[in-house]
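Residue numbers (the working numbering): 2 to 505. Below is one structure, written out as structure tokens; the observations come after it.
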Amino acid sequence: MRGNSDNVLSRRDLLYRTSGGAALAGSGLLAAAAPSAGPAATQEPPAAFQAGWATVSITPDKPVQLAGQFHERVSKERTLYPCLATALALEGVDDAGNPAQAILIACDLVNVGRKYVEDIRARVARELPDFDPARLSVNATHTHTGPTLTPGTYKEPDPGVMGPLEYAPFFCDRAVQAAVQAWKARRPAALSHALGHAAVGFNRIATYADGSARMYGNSNQPDFAGLEGPNDHGLELLFLWDRQERLSGIAINIACPAQVVEGQSYLSADFWGPVREDVKRLYGEGVSVYPMISAAGDQSPRDLVRRGRGEPNMRAEAGLREMARRIVNGVRYAHDAAQSKRSENPVFRHRVQRLELPRRQVTDQEAAQARKELDRLTASGNVQPGSQDAAMLRRARDVLGRHETQSAASTYAMDLHVLRLGDTVIATNPFELYIEYGARIKARSRAAQTLLVQLADDRGRYLPTRRAVAGGAYGSRIEDNVVGPPGGDVLAEKTIAALNGLWD
2 MRGNSDNVLS RRDLLYRTSG GAALAGSGLL AAAAPSAGPA ATQEPPAAFQ
52 AGWATVSITP DKPVQLAGQF HERVSKERTL YPCLATALAL EGVDDAGNPA
102 QAILIACDLV NVGRKYVEDI RARVARELPD FDPARLSVNA THTHTGPTLT
152 PGTYKEPDPG VMGPLEYAPF FCDRAVQAAV QAWKARRPAA LSHALGHAAV
202 GFNRIATYAD GSARMYGNSN QPDFAGLEGP NDHGLELLFL WDRQERLSGI
252 AINIACPAQV VEGQSYLSAD FWGPVREDVK RLYGEGVSVY PMISAAGDQS
302 PRDLVRRGRG EPNMRAEAGL REMARRIVNG VRYAHDAAQS KRSENPVFRH
352 RVQRLELPRR QVTDQEAAQA RKELDRLTAS GNVQPGSQDA AMLRRARDVL
402 GRHETQSAAS TYAMDLHVLR LGDTVIATNP FELYIEYGAR IKARSRAAQT
452 LLVQLADDRG RYLPTRRAVA GGAYGSRIED NVVGPPGGDV LAEKTIAALN
502 GLWD
């Protein structure tokens, strides 16, 4: 396969890396990866570009701990919109006739850690011997009303409540199911791209005359100086069609996490729920929606300038439906243009690189502040498990632990997937990536359309800009970052080079 260069992960690399370590704690359902595996058999180029879809529920049938807030929340009986995993399988050839393939899985979760992704890849490798598991990528929509996969975030779950150790095998089973079903559903397909617009994401950091910054800070005060960064209301759309010219699915890429109802205690896919419903109503029950969150680490579905004037409450269900309406209106606007430029045999390339980004180092001053915070929180001896104070205590201990061990781990490893589909490119990253980095990449990309996908293949935390670090708002602090602005610069440059290299 073209593109298997020194920095590209092969099937053998993937299986070696996951063997023996892919079994999940507390999971009787997930087996470890095979201890060894040879390279994939020589792959014959497909007769034509092919695509397959599958969607499965990742919504448990019992109360579950929810991700996304410092304090513990448990889902009640109500599910507003089910959390789903949608898989898109792609197979085709590049301009030299070399075969290419991908399975992308989008999940209504706040994030998906690396060990779960590697487990899914290893199990898919056993189920699909003709698929290279290194070409599988998992991204999250960042809903704050989905189950948590991260042990230790909250207290041990109460009896009858599903915690992350119980939820993880359920989720991974369903994700593997989606991947396998999508791959087996491959059929000759066509694709087209289009650009719409939807005012969904807004910068959520207010800045003030003294140089300080606050997430969701008050903009209606005399010293308000403006927002810390830009917005991106572009709606990057990739339409997939069957050979009868019927729409089979849409990849919708927008720079805003799915967190309108982020503080509620029920399960919900947030605005992606009504988006799916409306797309099916407009184009047919069989049409799939693949959600992608572009660089949006400093964005939210709330306009700090207008402060809710003239629109529904963007923390309530009415706001959720309004955001879905804006997205679907953008899709409708772009749909007609997309119909007229279908490509049945687009150039398809998919490369995967392992990047080593410099970690953000904990300074002595930051460690001292963390020690002060730890002492404050532990002074009373009454920190309640599952409370916000318990989360603050965990964050302080994490900073102190990093300060002690950081000399032994100076880089953060991540997988960068870059795909070319005709004139469209896709690039992944594991961060909540501040929008400035996304703007750099999109502006310098050679492609007619560039889709960035954050929170892919790991939970890399926030990656802020230098201006954000100076302001000190949530998202830019040492507790919030594994990688800082220097690593963001490296990520942007490496991504631009990898994307533009898809034309070499």
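Where a beta carbon is used, it is the ideal one built from N, C-alpha and C, also for glycine.
At the C-beta level, Leu453 and Ile442 come within 8 angstroms of one another. At a Cβ-Cβ threshold of 8 angstroms, Arg327 and Pro275 do not count as neighbours. In the structure shown, Asp376 falls within a helical segment according to DSSP collapsed to helix, strand and coil.
A distance below 8 angstroms separates the beta carbons of Val57 and Arg175. With contacts defined by Cβ atoms closer than 8 angstroms, Val470 and His404 do not form a contacting pair. Rounded to whole angstroms, Arg447 and Leu500 show a C-alpha spacing of 8 angstroms. Per DSSP, the continuous beta strand (DSSP E) segment holding Leu85 begins and ends at Leu85 to Val94. Three or more beta-carbon pairs separated by less than 8 angstroms link the stretch 422-442 to the stretch 474-494, which places the two stretches in contact. At the C-beta level, Thr146 and Asp271 come within 8 angstroms of one another. With contacts defined as CB atoms closer than 8 angstroms, Gly235 and Leu241 fail to qualify as a contacting pair. About 13 angstroms separates the beta carbons of Cys108 and Leu268, which is beyond the 8 angstroms limit, so they are not a contact pair.
For Pro170 and Pro189, the gap between their C-alpha atoms comes out near 33 angstroms. Your pair Gly202 and Tyr334 does not check out as a contact, with CB atoms roughly 18 angstroms apart and the cut at 8 angstroms. No Cβ-Cβ contact shorter than 8 angstroms links Asp416 with Arg360. Taking Leu228 as the centre and dropping the five residues before and after it, the same chain places the C-beta of Asn204 closer than 6 angstroms to its C-beta, in chain order. The three-state reading of DSSP puts Arg396 in helix, counting H, G and I together. Taking Tyr413 as the centre and dropping the five residues before and after it, the same chain places the C-beta of Leu358, Arg360, Val483 and Val484 closer than 6 angstroms to its C-beta, in chain order.
Bridge partners of Val454 according to DSSP: Thr429. With contacts defined by Cβ atoms closer than 8 angstroms, Thr142 and Trp54 do not form a contacting pair.
Assignment of alpha helix (DSSP H) within the stretch 128-203, counting only whole runs of 4 or more residues, yields 165-185 in chain order. Positions of the beta strand (DSSP E) runs, each at least 3 residues long and wholly inside the stretch 289-313, are given as 289-294 in order along the chain.
Each of Tyr217, Ile255 and Asn254 was checked against the Cα of Arg303, and the nearest Cα belongs to Tyr217. Judged by DSSP in its simplified three-state form, Met324 adopts helix.
Annotation: the stretch 45-73 contains no complete segment of the alpha helix (DSSP H) (minimum length 4 residues). The Cβ neighbour count for His194, taken over all protein chains shown within 10 Å, is at least 16; the residue is labelled buried. Where Glu237 is concerned, the enclosing beta strand (DSSP E) starts and stops at Gly235 to Asp243. Taking a contact to require three or more Cβ pairs closer than 8 angstroms, the stretch 417-430 and the stretch 372-385 do not qualify as touching.
In this chain, the alpha helix (DSSP H) harbouring Asp279 covers Trp273 to Tyr284. With a contact defined as Cβ atoms closer than 8 angstroms, Leu89 and Leu105 qualify at about 5 angstroms. No Cβ-Cβ contact shorter than 8 angstroms links Val94 with Phe432. Following the DSSP letters along the chain, one finds Gly472 inside the alpha helix (DSSP H) bounded by residues Arg467 to Gly472. Per DSSP, Thr496 has no beta-bridge partner at all. For Ala440, the uninterrupted alpha helix (DSSP H) segment begins and ends at Ile436 to Arg445. For Ala317, no beta strand (DSSP E) segment is defined, and its DSSP state is neither H nor E.
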